[in-house]
RNA sequence: GCUAAUGUGGCUCAGGGGUAGAGCAAUUGAUUCGUAAUCAAUAGAUCAGGGGUUCAAAUCCCCUCAUUAGCUCCA
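Numbering (the numbering used here), first residue to last: 2 to 642.
Structural data, given as structure tokens:
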């Protein structure tokens with residue numbers, strides 16, 4: 002129910018959903034120009050920000066997320082209030098709600114440490130107890146600036162100054178605290194009773210690294226203590242899936258101080274990677290790709306032609322060979338282009354899909370490194386597609402479909418972003434419009450949901466990004482499809498058209514996994530290390546009851562090996578319970594227990610990692626089940642999110 | 001790169017100015033066992049690296065490196 006108070010003090014109630022549109026309509030017709038609040042989920046929230054400055058409806062959505070946003074936004078005000086009480090010289094910057102909680106950026110002499118959290122939390126609890134009403138008021142621009150100047154809030158003054166001329170400048174006040182804010186807010190400070198400050202970090206004012214670094218405090222609040230407890234427990238659980246932890250425990254990969262950002266892969270990790278690449282080649286071959294390889298190190302002249310030497314140099318590892326500058330490739334495109342340019346092409350060959358599994362090196366900032374997700378050397382499952390302008394849409398569709406097919410194989414859900422022309426761009430606007438329309442149409446025709454990132458495209462072309470989520474909800478860009486108008490021109494690429502004349506091809510640059518390393522990291526977290534059988538580094542572990550049955554166990558192992566099943570034999574003189582426990586912790590999909598019974602009947606007692614004991618089966622029977630799972634790449638991980 | 005925190009045997013962690021401690025793993029021996037931990041013994045660390053303060057530094061201070069959480073950047 003949405004309760005709207007009208008200027009004549011009459012109150013009308015509306016249903017959620019379709020009725021909300023009526024509310025919107027009455028507001029836009031001026032009936033409720035000065036609406037003060039709406040009730041959502043039993044909580045009164047402000048409605049002012051549903052109006053544009055011109056009185057038109059901008060935003061009217063009554064979903065849970067908004068309820069949470071309001072709750073956490075008010076919480077951020079409470080935190081700022083508490084900090085101002087404890088450190089009166091603190092200057093406030095911005096403090097929004099985020100997906101999981103809220104933060105506030107603060108400029109203050111005092112260096113916050115973890116021990117301060119308790120103090121701040123205690124002060125916040127006092128403010129909650131005070132249960133002050135949140136009151137909204139507006140000020141004309143000049144007065145607002147003066148107000149904030151007097152309050153010694155230089156960041157707020159800057160924010161006001163940057164608002165459009167005709168913007169409504171609103172403030173929210175509760176108790177002894179006032180903040181420049183568009184709202185909306187809770188009615189009172191009494192609700193966020195369960196409070197937890199989570200972390201402290203530096204953040205540049207306005208996100209610009211040239212600006213001063215402020216202190217950002219993250220927190221989360223709930224109405225009930227139980228909800229907070231559950232949330233913290235959930236975070237704790239999520240951390241157990243962390244690919245860095247599992248990578249070590251399951252002996253998949255490791256990082257060494259000898260090569261920060263350069264991962265080492267252990268035999269088991271390589272098994273998984275190889276299986277991924279086998280799948281990749283199969284799918285790409287079917288989709289009409291050819292595969293090439295280009296060198297890791299290429300000379301300066303090439304990188305100058307591509308533009309990287311000037312625009313990307315600080316990220317490139319360079320070296321000198323025979324008194325000439327060379328660079329280790331940070332991207333595969335120039336190499337791929339040399340392959341294209343190596344021979345003449347006809348329009349009849351298009352679209353020409355040229356894949357390359359290429360290892361690239363980029364000198365990322367040390368602080369940006371993150372397990373396998375952000376490394377300095379990684380392998381892109383790259384491809385460059387050369388085509389005619391009229392082939393763009395279908396080709397994009399094909400690639401998006403391919404990526405969707407691949408992600409579905411892993412049971413992943415993902416979200417798609419379409420990034421459009423940035424302020425600085427190369428080429429003609431009409432080409433950009435054409436390309437953006439083609440990208441968008443392709444996505445719409447495929448029925449994929451996507452969000453548009455206005456102006457976030459690369460300077461050489463618009464792009465579609467595919468994002469996957471890690472164990473604690475951070476999203477990572479994996480697949481991407483980028484149109485590139487720049488490189489074909491820089492390298493003067495050509496093809497012979499139907500008219501016998503030379504033309505410039507359209508080029509797209511795309512990756513499906515993105516980076517094999519990052520994808521592997523996501524994979525580990527999504528499966529919590531329990532890979533589906535087809536990917537599992539060890540698919541079957543043979544566990545003899547005692548040494549007496551070692552010969553039979555060996556025989557079973559050989560039989561499985563002959564079928565290309567990845568099998569290990571636990572030949573230690575341990576009890577069966579111990580061996581099972583270990584195999585279980587290694588997340589091996591199948592355990593074959595063999596003892597006297599099995600050796601006599603030529604069977605194995607099958608134990609599946611999730612379902613437990615499946616009873617005795619002949620080796621033929623169980624291996625055909627396993628081979629089927631492998632062949633179909635069945636998604637039998639018990640851990641999928 | 002920036003802000004903050006952290007760095008102790010292979011792993012997880014305790015200790016926090018008086019010459020290093022646990023559990024797991026490892027090794028050896030015994031046990032030959034029926035579905036998530038058999039028993040015993042042994043070995044393993046100049047406490048990230050370097051410098052300083054001190055009679056004495058893993059512990060306090062400084063620098064460097066790495067890691068973690070963010071920011072910035074990005075696959």
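Note that the Cβ used here is the ideal one computed from N, Cα and C, for glycine as well.
First and last residue of the uninterrupted beta strand (DSSP E) at residue i
i           : result
residue 545 : 541–545
residue 469 : 464–470
residue 326 : 325–329
residue 358 : 353–362
residue 530 : That residue, residue 530, is in no beta strand (DSSP E); it is neither H nor E in DSSP.
residue 484 : 476–485
residue 605 : 604–609
residue 570 : 568–570
residue 320 : 319–322
Cα-Cα separation, residue i to residue j
i           : j           : result
residue 548 : residue 602 : 18 Å
residue 538 : residue 270 : 7 Å
residue 486 : residue 418 : 20 Å
residue 566 : residue 103 : 49 Å
residue 400 : residue 254 : 30 Å
residue 35  : residue 163 : Low per-residue confidence applies at residue 35: pLDDT is 35, beneath 50, and the placement is therefore not dependable, though the value from the model is reported in the following sentence. Taking the straight line joining both Cα atoms gives about 25 Å.
residue 300 : residue 384 : 22 Å
residue 392 : residue 352 : 7 Å
residue 541 : residue 535 : 11 Å
residue 614 : residue 574 : 22 Å
residue 341 : residue 431 : 26 Å
residue 426 : residue 458 : 9 Å
residue 625 : residue 239 : 35 Å
residue 307 : residue 264 : 28 Å
residue 588 : residue 221 : 34 Å
residue 1   : residue 519 : The structure shown does not extend to residue 1, since the chain is modelled only from 2 through 642, so no value can be given for it.
residue 99  : residue 576 : 51 Å
residue 79  : residue 73  : 9 Å
Among the options, nearest to residue i - alpha-carbon criterion
i           : options            : result
residue 218 : 195, 182, 97       : 97
residue 478 : 472, 415, 431      : 415
residue 523 : 243, 496, 421      : 243
residue 134 : 173, 120, 127, 123 : 173
residue 500 : 348, 149, 237, 639 : 348
residue 194 : 553, 132, 495      : 132
residue 229 : 276, 207, 196      : 196
residue 622 : 605, 631, 609      : 605
residue 598 : 386, 591, 616      : 616
residue 412 : 286, 260, 525, 303 : 525
residue 106 : 563, 203, 529      : 203
residue 498 : 491, 492, 507      : 507
residue 345 : 503, 148, 531      : 503
residue 289 : 89, 276, 387, 207  : 387
Where residue i falls, given that 16 or more other Cβ within 10 Å makes a residue buried
i           : result
residue 579 : exposed
residue 509 : buried
residue 216 : buried
residue 380 : buried
residue 443 : buried
residue 268 : exposed
residue 619 : exposed
residue 515 : buried
residue 110 : exposed
residue 494 : buried
residue 200 : exposed
residue 114 : exposed
residue 259 : exposed
residue 637 : buried
residue 322 : exposed
Limits of the unbroken alpha helix (DSSP H) element including residue i
i           : result
residue 304 : 301–307
residue 416 : Not the alpha helix (DSSP H): residue 416 falls in the beta strand (DSSP E), residues 416–420.
residue 621 : 620–632
residue 592 : Counting along the chain, residue 592 falls outside any alpha helix (DSSP H), though it belongs to the beta strand (DSSP E) covering 591–595.
Cross-strand partners of residue i (DSSP beta bridge)
i           : result
residue 503 : 497
residue 172 : 138, 181
residue 375 : 371
residue 195 : 223
residue 92  : 108
residue 205 : 214
residue 430 : According to DSSP, which records beta bridges pairwise, residue 430 is partnered with nothing at all.
residue 161 : Answer is none; residue 161 lacks a bridge partner.
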